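To start, the structure itself, in structure tokens.
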């Protein structure tokens, strides 16, 4: 019965793979990407709610969907540039140039922090608060949830920065930490572009 | 094929023996059993809550518990049974135990994430149950529809949200793990279309989990803002929109039904061929039906909302989409019947529960198609007809399969058999009790008895009492089961490694399996359902790939 269903013949490569039980391909980035799909669905739910609210729920008289455009546009540029700087950092890591890699990382974190500062300035200058009307609530929920992601991203970048020091665990031979943070950062940027489009431009 | 315990694999720092079941173990088999036993604990808690509900409904007036308590109990019953019993057991327990065997791996893709996912469940469960004793539990049902969930006592509702968020997170982590394991961790030489059907079911389920659970999480975050910060997302008094909540909620909670039944479909597809000694009929169509159910399952959610002011085009679309789901589901049922047809059936407990699953689920499926039709749905919406339908799906469907699976895989878990006589008694009591409990609810609903209300018109008394007697029988039925699983663990007949003469990979090692699943290399099982076929035919078919309708049942 057993011989019918199984085949114990294996190539040398298979035998090696089976011996080293922990030695399957590194799936951590795959897992992170799957998680980011899930995270993106949370945002998709928020976006759908916001667009539906906007389509069917009229705001009370006197309130408006208009937002100041200059600051968020600068913020968008900051995030887009930070994606580029992160990319440069990753390239330098793979080439083994740790000095430039770490500098580009710091620049990315600084751009992320600048984005958060800009977001704070915007929050404090807006004429409405969290509970003023449905648009205000949705605005703060969406940008707040995204801001939380940016904050986590900046913390991750700083952690990676620490780990790329001499003797740290992120090296050109094992770049996972930096690659994961980079994937996450690009994801957060992409979400912002959609968010900017539907919140500020639409 | 007795296999010596591979001591050289064991890490000395990990707890050994029974202690490992209380540890942060990374072994998928330990985690699977942790899920299973925890799930059963919550099943008995949820069952006791159901007992309170049926005791209250034994008489038309509210006399057993207060109305507020009744609301808390029905909310806890629904939440516990869905999020702490069925989803963790049918996904987490059997998925973690079986999937690594089926793909020929030593463990899941992310063992540590796996342990984290399990250990999110006990705190969530304690929060949920504890809220009843400390702050008063949520009262708005497992759906937590606003404005009800905004106006009922806030503290219990917030605890409920935190608990469901934890369980949702656990479910997502589990789903990521299953997707990575099935897609990326297969043994070299094992193709996707050679996997046992449960792998496909778990892949489909996990895709649904990853795509839909986060939407529920986001929605509950917004709901908690409404409760805590007095925003108005779902509060019409503040300009909000309750229907948006319903859309977002059902975008998760309709796929959640498939998250609960697809794994059961997978498990039954493993059990039937083994005990019928026949190949699984129509392997390829089974796979594509699962994928079709996954796709369709994501676009049918608004059939729960036909009375929520949905516009006509939406009603039309969701009626048609929902009716379409009957096609892939029907294909699976005919395939199972064809698997049984002419088989050498062993009507043991696992098989009895599996066959009863087919009967129950077909009934629940037919009422489901009926409910998809707008005119009928408007008539019975929010009545006991829906309650009856739903329990035929999740109890008659999934819970019957969980019992079948326990009888089937218990020898693998423990190395000992369960007592067959007690198993058949358990089956008989469960089957009669279940039908007695839930069949009358269809009549009650058709005649207009609303659900979730502690009191009802006295003309409904007899049918409600029949239903309560059925619930009592179901409670009694768990006694032989409990006795059986506890006593058999110590005194059961020794099973041997492969008591069912099965061909699927988990049986091709010792029972219980060694820590690394196999001593040496994992077997390459390319024909997990090759029963009743001689070896030559198998290899010829594997070579020509034209055996879709013949013995091996696969292309």
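Residue numbers (the working numbering), protein chains in the order written: chain D, 43 to 244; chain Z, 204 to 758. Glycine included, C-beta positions come from ideal geometry on N, C-alpha and C. Keep in mind it's a predicted model, so treat the numbers as computed, not measured.
CB residue 314 of chain Z to CB residue 375 of chain Z, shorter than 8 angstroms? Within the second chain, residue 314 of chain Z is the residue found at index 111, counting from 1. Within the second chain, residue 375 of chain Z is the residue found at index 172, counting from 1. Inclusion of residue 314 of chain Z and residue 375 of chain Z in the CB contact set at 8 angstroms is not warranted, their separation being larger than that value.
Tell me, please, which residues DSSP counts as bridged to residue 586 of chain Z. Locating residue 586 of chain Z in the second chain gives position 383, where the first residue counts as 1. Per the DSSP secondary-structure output, residue 586 of chain Z pairs in a beta bridge with Z:653.
Apart from the five residues on each side of it in sequence, which residues of its chain come closer than 6 angstroms, Cβ to Cβ, to residue 300 of chain Z? Residue 300 of chain Z sits at position 97 when you count from the first residue of the second chain. The residues are 232 and 235.
For residue 697 of chain Z, name the three-state secondary structure that DSSP assigns. Here residue 697 of chain Z is taken as the residue at index 494 of the second chain, counted from 1. Assignment of residue 697 of chain Z by DSSP, reduced to helix, strand and coil, places it in the strand class.
Check each candidate in Z:381, Z:576 and Z:534 and name the one with the smallest Cα separation from residue 506 of chain Z. Your numbering for residue 506 of chain Z matches position 303 in the second chain. Checking every option, the nearest Cα to that of residue 506 of chain Z belongs to Z:576.
From residue 565 of chain Z to residue 210 of chain D, what does the alpha carbon distance come to, in whole angstroms? To locate residue 565 of chain Z, count along the second chain from 1; it is residue 362. To locate residue 210 of chain D, count along the first chain from 1; it is residue 168. Between residue 565 of chain Z and residue 210 of chain D, the C-alpha separation is close to 59 angstroms.
Are residue 156 of chain D and residue 196 of chain D closer than 8 angstroms when you measure CB to CB? If you number the first chain from 1, residue 156 of chain D lands on position 114. If you number the first chain from 1, residue 196 of chain D lands on position 154. For the 8 angstroms CB-CB criterion, residue 156 of chain D and residue 196 of chain D do not form a contact.
Beta-carbon proximity check, residue 159 of chain Z vs residue 179 of chain D, cutoff 8 angstroms: The structure shown has nothing for residue 159 of chain Z, since chain Z only spans 204 to 758.
May I ask you to verify whether the stretch 273-289 of chain Z touches the stretch 686-693 of chain Z, counting CB pairs closer than 8 angstroms and requiring at least 3? These segments do not touch.
How would you write the range of the alpha helix (DSSP H) that residue 134 of chain D sits in, first residue to last? Here the question's residue 134 of chain D lines up with position 92 in the first chain. Unbroken alpha helix (DSSP H) run through residue 134 of chain D: 112-136.
Could you tell me whether the Cβ of residue 442 of chain Z comes closer than 8 angstroms to any Cβ of chain D? Here residue 442 of chain Z is taken as the residue at index 239 of the second chain, counted from 1. Cβ-Cβ to chain D under 8 angstroms: yes for residue 442 of chain Z.
From the DSSP output, in three-state form, read off residue 619 of chain Z for me. The sequence position of residue 619 of chain Z within the second chain is 416, counting from 1. Residue 619 of chain Z falls in the strand class under three-state DSSP.
So, for residue 443 of chain Z: in the same chain, excluding its five sequence neighbours on each side, which residues have a beta-carbon less than 7 angstroms away from its beta-carbon? By 1-based counting over the second chain, the position of residue 443 of chain Z is 240. The residues are 435, 436 and 437.
Mapping DSSP to helix, strand and coil, what is residue 593 of chain Z? For the purposes of this step, residue 593 of chain Z is taken as the residue at position 390 of the second chain. DSSP, read as helix, strand or coil, puts residue 593 of chain Z in helix.
Are the CB atoms of residue 66 of chain D and residue 388 of chain Z within a distance shorter than 8 angstroms? As a working mapping, residue 388 of chain Z is identified with position 185 in the second chain. As a working mapping, residue 66 of chain D is identified with position 24 in the first chain. Closer than 8 angstroms, so yes.
What is the DSSP secondary structure of residue 257 of chain Z, reduced to helix, strand or coil? As a working note, residue 257 of chain Z is residue 54 in the second chain. Helix at residue 257 of chain Z.
Tell whether a beta-carbon distance below 8 angstroms holds between residue 413 of chain Z and residue 76 of chain D. Within the second chain, numbered from 1, the residue matching residue 413 of chain Z stands at position 210. Within the first chain, numbered from 1, the residue matching residue 76 of chain D stands at position 34. Yes, Cβ-Cβ distance for residue 413 of chain Z and residue 76 of chain D is below 8 angstroms.
Counted within 10 angstroms of its Cβ, other Cβ atoms place residue 449 of chain Z as buried (16 or more) or exposed: Locating residue 449 of chain Z in the second chain gives position 246, where the first residue counts as 1. With 16 or more Cβ atoms within 10 Å of its Cβ, residue 449 of chain Z is classed as buried.
Taking the Cβ atom as the reference point for each residue, do residue 291 of chain Z and residue 238 of chain Z lie within a distance shorter than 8 angstroms? On the second chain, residue 291 of chain Z is found 88 positions in, with the first residue counted as 1. On the second chain, residue 238 of chain Z is found 35 positions in, with the first residue counted as 1. With respect to the 8 angstroms criterion, residue 291 of chain Z and residue 238 of chain Z are classified as neighbours on the basis of their beta carbons.
Quick one: which unbroken alpha helix (DSSP H) runs of 4-plus residues sit fully inside the stretch 257-289 of chain Z? Chain order, please. Counting whole runs of 4 or more residues, the stretch 257-289 of chain Z contains the alpha helix (DSSP H) stretches 270-282.
So for residue 680 of chain Z, helix, strand or coil by DSSP? Numbered from its first residue, the second chain carries residue 680 of chain Z at position 477. DSSP places residue 680 of chain Z in the helix class (H, G or I) of the three-state scheme.
Under 6 angstroms Cβ to Cβ from residue 228 of chain D, same chain only, skipping five residues before and after it: list those, please. In the first chain, the residue the question calls residue 228 of chain D occupies position 186. Taken in chain order, the residues that qualify are 125.
Unbroken alpha helix (DSSP H) run spanning residue 221 of chain D, endpoints: For the purposes of this step, residue 221 of chain D is taken as residue 179 along the first chain, with counting starting at 1. Here the alpha helix (DSSP H) through residue 221 of chain D covers 218-238.
Out of D:224, D:81, D:98 and D:200, point me to the one whose CA is closest to residue 446 of chain Z's CA. In the second chain, residue 446 of chain Z corresponds to position 243, counting from 1. The closest CA to that of residue 446 of chain Z, considering only D:224, D:81, D:98 and D:200, is found on D:98.
In chain Z, which residues lie with their C-beta within 9 angstroms of the C-beta of residue 102 of chain D? As a first step, residue 102 of chain D is located in the first chain; it is residue number 60 there, counting from the start. Here the neighbours are 442.
Does residue 219 of chain D get closer than 8 angstroms to chain Z when you measure Cβ to Cβ? Along the first chain, one-based indexing puts residue 219 of chain D at 177. Contact of residue 219 of chain D with chain Z is not assigned, every C-beta pair being separated by 8 angstroms or more.
Quick one: does residue 615 of chain Z have its CB under 8 angstroms from some CB of chain D? Indexing the second chain from 1 puts residue 615 of chain Z at position 412. Proximity of residue 615 of chain Z to chain D, defined by a Cβ-Cβ separation below 8 angstroms, is not satisfied.
Residue 259 of chain Z to residue 670 of chain Z span [Cα, whole Å]: Residue 259 of chain Z sits at position 56 when you count from the first residue of the second chain. Residue 670 of chain Z sits at position 467 when you count from the first residue of the second chain. Rounded to whole angstroms, residue 259 of chain Z to residue 670 of chain Z spans 12 angstroms at the Cα level.
Strictly under 8 angstroms for the Cβ-Cβ distance: is residue 422 of chain Z near chain D by that measure? Looking up residue 422 of chain Z in the second chain gives position 219. With a threshold of 8 angstroms between beta carbons, residue 422 of chain Z makes contact with chain D.
Would a check of beta-carbon distances place residue 433 of chain Z closer than 8 angstroms to chain D? Here residue 433 of chain Z corresponds to residue number 230 of the second chain, with the count starting at 1. Closer than 8 angstroms to some Cβ of chain D, the Cβ of residue 433 of chain Z qualifies, so yes.
Shorter than 8 angstroms from the beta carbon of residue 185 of chain D to some beta carbon of chain Z? Here residue 185 of chain D corresponds to residue number 143 of the first chain, with the count starting at 1. With 8 angstroms as the cut-off, residue 185 of chain D does not count as an interface residue toward chain Z.
Name the chain Z residues that come within less than 9 angstroms of residue 159 of chain D, Cβ to Cβ? In the first chain, residue 159 of chain D corresponds to position 117, counting from 1. Those do not exist, as residue 159 of chain D stays about 24 angstroms from chain Z at its closest Cβ, beyond 9 angstroms.
Along chain Z, in chain order, which residues have C-beta atoms closer than 8 angstroms to that of residue 73 of chain D? For the purposes of this step, residue 73 of chain D is taken as the residue at position 31 of the first chain. Neighbours of residue 73 of chain D on chain Z, chain order: 312, 313, 316, 379, 380 and 383.
Residue from Z:665, Z:501 and Z:226 whose Cα sits closest to the Cα of residue 461 of chain Z: Position 258 of the second chain holds residue 461 of chain Z. Nearest option by C-alpha distance: Z:501.
Quick one: what's got a C-beta closer than 6 angstroms to residue 626 of chain Z's C-beta in the same chain, skipping five residues either side? Numbered from 1 along the second chain, position 423 holds the residue referred to as residue 626 of chain Z. The residues 552 and 610, in chain order, have a CB closer than 6 angstroms to that of residue 626 of chain Z in the same chain once the five nearest residues on each side in sequence are set aside.
With H, G and I counted as helix, E and B as strand and the rest as coil, what does DSSP make of residue 345 of chain Z? Walking along the second chain from the start, residue 345 of chain Z turns up at place 142. Looking at residue 345 of chain Z - three-state DSSP - the assignment turns out to be coil, as it is neither helix nor strand.
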